[in-house]
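Chemist: In the working numbering, the protein residues as written are 806 to 1057. Can you read through this structure? Questions will come right after.
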């Protein structure tokens, strides 16, 4: 890590690939991960936050805005990091604040070429621009995870509950799903074209949480999902399940 950007994500390091072992234990770090370049040679980067606990443990990945109009996951990641006690945390939390940066900036659901990024995983090293983006996202970031919670909302024009998609025949993902305590659990074996499916193919237990409606921030949905994420962290041994939120040692 040698340079910092002066825009987009102040104070973040610019990197090409996540390497958790380079980061000191008991620290929070912001990075911008290079993925692709536009026609003028400008790099398109993903904003990522990493909280590495003082003690060894699992790596939990959180991803938001795989569809650019799905906003509720973004403050969930921010609020989790605001309350991380790194001195007590066992393991590492990686939060990808916005996965589909082009769609997010354009206030649209799909990638620049109208590709649904949750239907193109795991991408291709030498494919369309969306396939390359997906491939690099998976290999530069997601493969570092040991668990994944993929945060979504409904699509344009739809009203949603708090529900999730998970494989209920898989012991770990079924448990992760129950711990969210959603209004609905949909048994849904992962498609190999979704992020969840691509993660499962890599041996990473993954669930998809659908958090209310698109294009808005819904405090009650956000709070409920955040509580569910903390339950998962307790279950996989990252934090005490009965620990109360204290002062954060994660300063970003």
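All residues carry an ideal CB built from backbone N, CA and C; glycine is no exception.
Give the single residue among 926, 1023, 1037 whose Cα lies nearest to the Cα of residue 1005.
Modeler: Here residue 1005 corresponds to residue number 200 of the chain shown, with the count starting at 1. Of the listed residues, the one whose Cα sits closest to residue 1005 is 926.
Chemist: State the beta-bridge partners of residue 1015 as determined by DSSP.
Modeler: Taking the first residue of the chain shown as position 1, residue 1015 is located at position 210. Beta-bridge pairing links residue 1015 to 957, 968.
Chemist: Once DSSP output is grouped into helix, strand and coil, what is the label at residue 895?
Modeler: As a first step, residue 895 is located in the chain shown; it is residue number 90 there, counting from the start. Residue state, collapsed to three classes: strand.
Chemist: Determine contact between the region 888-908 and the region 942-953, defined as no fewer than three beta-carbon pairs at a distance below 8 Å.
Modeler: For the pair of segments examined, the region 888-908 was found to touch the region 942-953: the number of CB pairs separated by less than 8 Å reaches three.
Chemist: Sorted by chain position, which residues of the same chain lie with C-beta nearer than 6 Å to residue 977's C-beta, five sequence neighbours on each side aside?
Modeler: Numbered from its first residue, the chain shown carries residue 977 at position 172. Excluding sequence neighbours, residue 977 sits near 1010.
Chemist: Can you give me the Cβ contacts of residue 1059 inside the same chain, cut-off strictly under 8 Å, excluding the 5 residues immediately before and after it?
Modeler: No information on residue 1059 is available, as it lies outside the stretch 806 to 1057 that the chain covers here.
Chemist: What do you get for residue 995, buried or exposed, if any count of 16 or more other CB atoms within 10 angstroms of its CB means buried?
Modeler: Here the question's residue 995 lines up with position 190 in the chain shown. Classification for residue 995: buried.
Chemist: Using a threshold of 8 Å, state whether the C-beta atoms of residue 836 and residue 820 are closer than that.
Modeler: As a first step, residue 836 must be located in the chain shown, where it is residue number 31. As a first step, residue 820 must be located in the chain shown, where it is residue number 15. Yes; because the gap between Cβ atoms is below 8 Å, this pair is in contact.
Chemist: Report the residue from 958, 962, 975 whose alpha carbon sits nearest the alpha carbon of residue 969.
Modeler: Position 164 of the chain shown, counting from 1, holds the residue named residue 969. When 958, 962, 975 are compared, the shortest CA-CA separation from residue 969 is found for 958.
Chemist: Quick check on the DSSP output: the beta strand (DSSP E) that includes residue 838 runs from which residue to which?
Modeler: Locating residue 838 in the chain shown gives position 33, where the first residue counts as 1. Where residue 838 is concerned, the enclosing beta strand (DSSP E) stretches over 832-842.
Chemist: Expressed to the nearest angstrom, what Euclidean distance is found between the alpha-carbon atoms of residue 807 and residue 818?
Modeler: As a first step, residue 807 is located in the chain shown; it is residue number 2 there, counting from the start. As a first step, residue 818 is located in the chain shown; it is residue number 13 there, counting from the start. For residue 807, the predicted model reports a pLDDT of 42, less than 50, meaning its position is unreliable; a value from the coordinates is still stated below. Straight-line Cα distance between these residues: approximately 7 Å.
Chemist: I'd like the list of long-range same chain contacts for residue 998, defined as Cβ closer than 7 Å, with 5 residues on each side in sequence excluded.
Modeler: For this step, residue 998 is matched to residue 193 along the chain shown. Result list for residue 998: 924, 925, 926, in chain order.
Chemist: Rounded to the nearest angstrom, how far is the Cβ of residue 838 from that of residue 850, given a contact under 8 Å?
Modeler: Counted from its first residue, the chain shown places residue 838 at position 33. Counted from its first residue, the chain shown places residue 850 at position 45. With 8 Å as the limit, residue 838 and residue 850 qualify as a contact, their Cβ atoms being about 6 Å apart.
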